[in-house]
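Remarks on the structure that follows.
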Amino acid sequence: MKNVNFYSFIALYGALFLVLLFKVFHVPVTIDEVPTVYHYSRFSVWEIMMYPDNIPNNHILNTLLTKGTILLFGKEQWVIRLPNLLSFLLFAWGVFRILKLTLRLDSPWFLAGALLFVNPYLLDFFGLCRGYGISLTMVTLSAGFLLAGFGEGRHKFIWMALVCAILASYANFTALVFWAAVTIIAGFRFLWEYRKNPKQLVKPLLLIALLSLAYLALIMVPLQKMHSTNEFQYWTSRGFYQETVISLIHNWYYNSPVLSMIPHCWMLLPVALALGAALCASFIRKAVGPGAPESDLACHPLCGVLAATLVLLPAAINLLQTTILGTPNLSGRTALFFYPLVALLFVIVLTLAYRWRHSLAHRSLALILTILLAANLSHRISLQSVREWEFDSNTLEVIDFLKEKYKGSPISLKTSWFFHSSFTFYQITGKAPWINLQPYDYNIDIATPAEYYYIFAEDAAKLNPRFEVVHKFTPDRWLMKKKTN
Numbered sequence: 163m164k165n166v167n168f169y170s171f172i173a174l175y176g177a178l179f180l181v182l183l184f185k186v187f188h189v190p191v192t193i194d195e196v197p198t199v200y201h202y203s204r205f206s207v208w209e210i211m212m213y214p215d216n217i218p219n220n221h222i223l224n225t226l227l228t229k230g231t232i233l234l235f236g237k238e239q240w241v242i243r244l245p246n247l248l249s250f251l252l253f254a255w256g257v258f259r260i261l262k263l264t265l266r267l268d269s270p271w272f273l274a275g276a277l278l279f280v281n282p283y284l285l286d287f288f289g290l291c292r293g294y295g296i297s298l299t300m301v302t303l304s305a306g307f308l309l310a311g312f313g314e315g316r317h318k319f320i321w322m323a324l325v326c327a328i329l330a331s332y333a334n335f336t337a338l339v340f341w342a343a344v345t346i347i348a349g350f351r352f353l354w355e356y357r358k359n360p361k362q363l364v365k366p367l368l369l370i371a372l373l374s375l376a377y378l379a380l381i382m383v384p385l386q387k388m389h390s391t392n393e394f395q396y397w398t399s400r401g402f403y404q405e406t407v408i409s410l411i412h413n414w415y416y417n418s419p420v421l422s423m424i425p426h427c428w429m430l431l432p433v434a435l436a437l438g439a440a441l442c443a444s445f446i447r448k449a450v451g452p453g454a455p456e457s458d459l460a461c462h463p464l465c466g467v468l469a470a471t472l473v474l475l476p477a478a479i480n481l482l483q484t485t486i487l488g489t490p491n492l493s494g495r496t497a498l499f500f501y502p503l504v505a506l507l508f509v510i511v512l513t514l515a516y517r518w519r520h521s522l523a524h525r526s527l528a529l530i531l532t533i534l535l536a537a538n539l540s541h542r543i544s545l546q547s548v549r550e551w552e553f554d555s556n557t558l559e560v561i562d563f564l565k566e567k568y569k570g571s572p573i574s575l576k577t578s579w580f581f582h583s584s585f586t587f588y589q590i591t592g593k594a595p596w597i598n599l600q601p602y603d604y605n606i607d608i609a610t611p612a613e614y615y616y617i618f619a620e621d622a623a624k625l626n627p628r629f630e631v632v633h634k635f636t637p638d639r640w641l642m643k644k645k646t647n
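If you use my numbering, the sequence shown corresponds to residues 163 to 647, in order.
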């Protein structure tokens, strides 16, 4: 069983890596990737760390790594996405380590647990030049180190969890609530261990305080700059349930026609049950695994409490933040880090079946769940686009279409402002010399001298007097050409 699980895990995450590799090369550069390449990467390392402007598009750790890969290999599509792509390998190692600590390598639930950590929306961000993929990796590593620190009682893992939590938030400031939660958990871990010996407590708490203050000092300038122009206002604020919970479920569906039929509240039921089971784990320990080694994390009561806390505490800190600072709740990609934490929660619940791991019914249920999760993942993965910036998925098709019309003189092209950044990348890098991209414009320019206009279908009526549709790349995205008369 160990060999089956090991090689199945390698095959699964290897296949996912190949999917990401394909998307790195074939999915067009999106609107939010371009500023990292052509604006922030031009600054010095210190200027990047201190935020050259107030816009939160500068995901510091990702920008620094992207700057390095550009210096090494140049401004290529695959180059700017390389840091996040490689971070997926580290993410896979983090997941494998968590599963070995909890389910163990001989568990029939091992592959199901591996599938719980991935979904198409989460995977998208490992193939983009944004900080979210790196942040997800560090969140997963941090959670795994915390688990080892609590279960095995080794302090070095607690410190490694704190460092990974800092890196997670440095790659994406919306993960600051996760860093705060890990810091609090680590503090309570030492308080509990040294509750009978206060003298030994001083050193770890002082180190946590110094580490926290040093990190806050490092990020204070960027936070002040963003706060001064209300850049922490993520979209709207309709409450934690609507903004965070519903958006995470909706994005997890990933346009699946089957899953989209399931009411959101039904999807919350297994999460609620998992939270209850994890929190009650210490009370049902004897029923879970008599005969199991005391050091086995599969039977350690603190693991369930820790997994539940890693989900609930960041949510509580976020709610407190919205109350004190008036910032909206995290939503969509800004709440991505909850995915691996919820996955960890479900994995911990699966460990409660330790006692029956060799029974036929147990193995059958594990196989069924694995098949369902694998089928669910495979039918929803898209090779042509990413959900968050799906509107940029036809950029390369438009470029190729215009290449066929090229007669030696550059073709002038105007686009809706949504598409302009993506086309800019390919023009500046010399990948589309046959296109003369017209200036950026928030409004549809009816009087533009451009020969072609790439727009959303809803804007076509504004251009009808002077332009006609020549190609519909999707029902929503059309290319129009100036009428010859």
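Yeah, the Cβ is synthetic: ideal placement off N, Cα and C, and Gly gets one too.
Pull up the distance between the alpha-carbon of residue i and that of residue j, whole angstroms please.
i: GLY349; j: LEU367; result: 6 Å
i: VAL504; j: LEU380; result: 30 Å
i: VAL383; j: TRP271; result: 46 Å
i: GLN483; j: ILE346; result: 15 Å
i: VAL207; j: GLN386; result: 19 Å
i: TYR294; j: PHE287; result: 6 Å
i: LEU329; j: ALA594; result: 37 Å
i: ALA440; j: VAL509; result: 10 Å
i: ILE573; j: CYS427; result: 51 Å
i: VAL257; j: VAL560; result: 39 Å
i: LEU353; j: GLN546; result: 50 Å
i: GLU630; j: ASP562; result: 19 Å
i: GLY438; j: GLN404; result: 22 Å
i: GLN600; j: THR610; result: 9 Å
i: ARG259; j: ARG266; result: 9 Å
i: LEU261; j: LYS365; result: 32 Å
i: LEU335; j: MET388; result: In the sequence as presented, Leu is not what sits at residue 335; that position holds Phe. Whole-angstrom Cα-Cα distance: 11 Å.
i: TYR155; j: LEU539; result: One cannot answer for residue 155 here, as it falls past the ends of the chain, which runs 163 to 647.
i: PHE179; j: ASN224; result: 19 Å
i: ALA478; j: LEU338; result: 13 Å
i: TYR213; j: ALA333; result: 13 Å
i: PHE500; j: VAL420; result: 23 Å
i: ARG628; j: ASP621; result: 13 Å
i: ILE172; j: THR532; result: 15 Å
i: HIS541; j: SER418; result: 8 Å
Have a look at the DSSP bridge pairing and note the partners of residue i.
i: ILE533; result: Note: ILE533 sits in no beta bridge, so no partner.
i: LYS593; result: In the DSSP output, where bridge partners are listed per residue, LYS593 has none listed.
Quick one: residues in its chain with C-beta nearer than 6 Å to the C-beta of residue i, no 5 flanking neighbours on either side, listed in chain order?
i: LEU506; result: ALA305, ALA469
i: SER249; result: GLY295, ILE296, THR299
i: LYS229; result: SER203
i: ASN219; result: PRO197
Who are the Cβ neighbours of residue i in its own chain at under 7 Å, not counting the five residues just before and after it?
i: ILE362; result: Position check: residue 362 holds Gln in this sequence, whereas Ile was assumed. So the list reads TYR356, once near-sequence residues are dropped.
i: GLU195; result: ILE242, LEU290, CYS291, ARG292
i: TRP596; result: LEU564, LYS565, TYR568, PRO572, ILE573
i: ALA536; result: LEU277
i: PHE235; result: VAL241
Given residue i, which residues of its chain have a CB within under 8 Å of its CB, disregarding the five upstream and five downstream residues?
i: LEU430; result: VAL407, ILE411
i: LYS567; result: ILE573
i: PHE187; result: GLN239, TRP240
i: ILE370; result: LEU324, THR345, ALA348, GLY349, PHE352
i: LEU374; result: This sequence places Ser at residue 374; Leu is not what is there. Excluding positions up to five away in sequence, the list reads THR345.
Count the other C-beta atoms from every protein chain shown that fall within 10 angstroms of the C-beta of residue i, then say buried if there are 16 or more, exposed otherwise.
i: PRO245; result: buried
i: LEU233; result: exposed
i: TYR175; result: buried
i: GLY401; result: exposed
i: PRO476; result: buried
i: THR231; result: buried
i: LYS576; result: buried
i: GLU550; result: buried
i: SER390; result: exposed
i: THR513; result: buried
i: TRP640; result: buried
i: THR646; result: exposed
i: LYS666; result: One cannot answer for residue 666 here, as it falls past the ends of the chain, which runs 163 to 647.
i: LEU372; result: exposed
i: GLY275; result: buried
i: MET211; result: buried
i: VAL280; result: buried
i: GLY488; result: exposed
i: HIS317; result: exposed
i: VAL166; result: exposed
Throw me the rounded Cβ distance for the residue i and residue j pair, which I believe falls under 8 Å.
i: TYR309; j: CYS442; result: Correcting the residue identity first, residue 309 is Leu in this sequence and not Tyr. Actually they do not touch by this definition, with Cβ atoms about 18 Å apart.
i: PHE618; j: ASN556; result: In fact, because the Cβ distance is near 11 Å, the residues do not count as touching under 8 Å.
i: SER136; j: ILE193; result: In the structure as shown, the chain starts at 163 and stops at 647, and residue 136 therefore has no counterpart that could be examined.
i: TYR416; j: PRO282; result: 4 Å
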